[in-house]
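Step one of this worksheet: look at the structure below.
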Amino acid sequence: MTPDIIKLIDQEFGPAFSSRTPEDLKEYGKDWTKVHDPDPLIICFPQSTDEVSRLLKLCNQHGIAVVPSGGRTGLSGGAVAAKKEVVISFEKMRKIGAVDELAQTLWCEAGAVTEAVHLAAKTHGLTWPINFASSGSSTVGGNIATNAGGVKVIRYGLTRNWVLGLTVVLMNGEILKLNGSLEKNNTGVDFRQIFIGTEGVYGVVTEAILKLAPLPKESEVFLFALKDLAKVFELFKTVRRVNFTVNAYECLSDECLHVVLKHRKLASPFSDSHPYYVLVEAEKPVDENWLQGLFDSGLVEDAVQAQSPKEAQNLWAMREGIGESLAATGLMHKHDIALPIARLQEFIENWTRDLKTQYSGIMPYIFGHIGDGNLHVNLMKPASMDVPEFRRICTQVDQNLFAWIQKYEGSVSAEHGIGLLKKHLLCYTRTPEEIAIMMKMKTVFDPKGLLNPGKIF
Ligand code: S2G
Ligand code: ZN
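Position in the sequence shown (first residue = 1) + 16 = the numbering used here.
Here it is, written out as structure tokens:
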């Protein structure tokens, strides 16, 4: 029987601290996935690291599971509370401190919205260079807990490259203040890396000192039309050699473009369809010879260059709108995989050939961050197929997909994490020894196994 933790929380923090309304239980117990129904016990809204510490200590004493919840934009069920857990929402911990222009850092609380951090830094000619479609609702705490990637990784790397200091609360209430705003600190284990990308299973991030980058110079945005997959990688090879700075190299198949244009009621920038498109964003000035060479060599079939910020936004919408447009168009079975870039083309050709021969009725939607080896592969349920049949086929397709990933030493989850949805896939990328160490670490940081239980392993 669950001890009356609800009464204890009310006594400790007062009635305004939490909510148990059906709407809140549903809203704060979920993320963007739709596989596990949210079923939390209570939603708590702490306003400080100290309140998070006292809440965790109370839950730890009474053996109550806790799920940290950020912007709820996760795609692997990492923030889903489906088993009467206490949810910690950071909605009341959104403070953003002043930018330190000398150090190029910014302090914020875990609930700060990613885009709000961008805006706070922008007035100083700086940015926190972690960007993706959900930046408007994701939180810095969630970005850190999932080591979020996004569309600028090719230039800036992942979230873990842009976090200097962390305040983390352990399940027993202990508060760890890690690294402050030190660029260098070689004094034993860098504990930050234990909490960045591990989805809150070892500790709860409550504050961060973010490292900022100079705002990129004014950029050009191109959308190139290519006649086949080989050209996507040939174009990338030329991009690797250019003498200007490339911010993004994003690929999408014609099927993806078609779905976005239809869903967002956008007109295609091209008169014809082409099998693949690549969006390139690069700082001005872009080498005109490179651009001309793409046509002279027949590498690209067609190209559009944004002539205004609005046009650039429209081209980006054709890439960043894919996830949401697919979800609005049909039932999707989603994968977010990474491969050694040198093997990516071979992998895509092999896997799509297998899919076509074994399940010709299932359409793959291929898009993503080719520049860092990360591919999003989504399968859409055919209208004529019922859901159980689709789920059955996806399970089989997954076996083939992950066999190829294992062969090419890839990752079953490039940026979306493992959460609840991909635990069964972990073994394709991590060895039993590694998983055993992850579990041993759990006994150090959360011996009762109460923090975000069931996630990752
Ligand atoms: C992307 C998010 C959307 C999706 O668009 O880069 O990480 O549906 C994805 O996978
Ligand atoms: Zn992505």
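Cβ coordinates follow ideal geometry from the N, Cα and C atoms, glycine included. None of these values were measured; they are calculated from a predicted model.
In the DSSP assignment, Y265 is bridged to V296. Those residues that have a beta carbon less than 5 Å away from any non-hydrogen atom of the ligand S2G are, in order along the chain, G339 and H392. Note on geometry: alpha-carbon atoms of I80 and E266 lie some 43 Å from one another. In the displayed model, V102 falls within a strand according to three-state DSSP.
T155 and A126 do touch by the CB rule: their CB atoms are close to 6 Å apart, below 8 Å. Here V133 is not near G87, since their CB atoms are 9 Å or more apart.
Your pair I472 and E101 does not check out as a contact, with CB atoms roughly 15 Å apart and the cut at 8 Å. Unbroken alpha helix (DSSP H) stretches of 4 residues or longer found wholly inside the segment 374 to 398: none. Within 10 angstroms of the beta-carbon of L360 lie 16 or more other beta-carbons, which makes it buried.
Placement of the Cβ of N195 at a distance of 8 Å or more from every heavy atom of the ligand ZN is found. The Cβ atoms of L391 and I364 lie closer than 9 Å to each other.
Within the DSSP bridge table, the entry for V179 names L226 as partners.
Per DSSP, the beta-bridge partners of E125 are E223. Secondary structure note for C60: its beta strand (DSSP E) is the uninterrupted segment I58 to C60.
Taking C-beta separations shorter than 6 Å and ignoring five residues to either side along the sequence, the partners of Y172 in its chain run P145, following chain order. In this structure, the CA atom of Q321 is about 6 Å from the CA atom of V237.
Linking I210 to I225 through their CA atoms gives a straight-line distance of about 16 Å. For the 9 Å CB-CB criterion, H274 and A241 do not form a contact.
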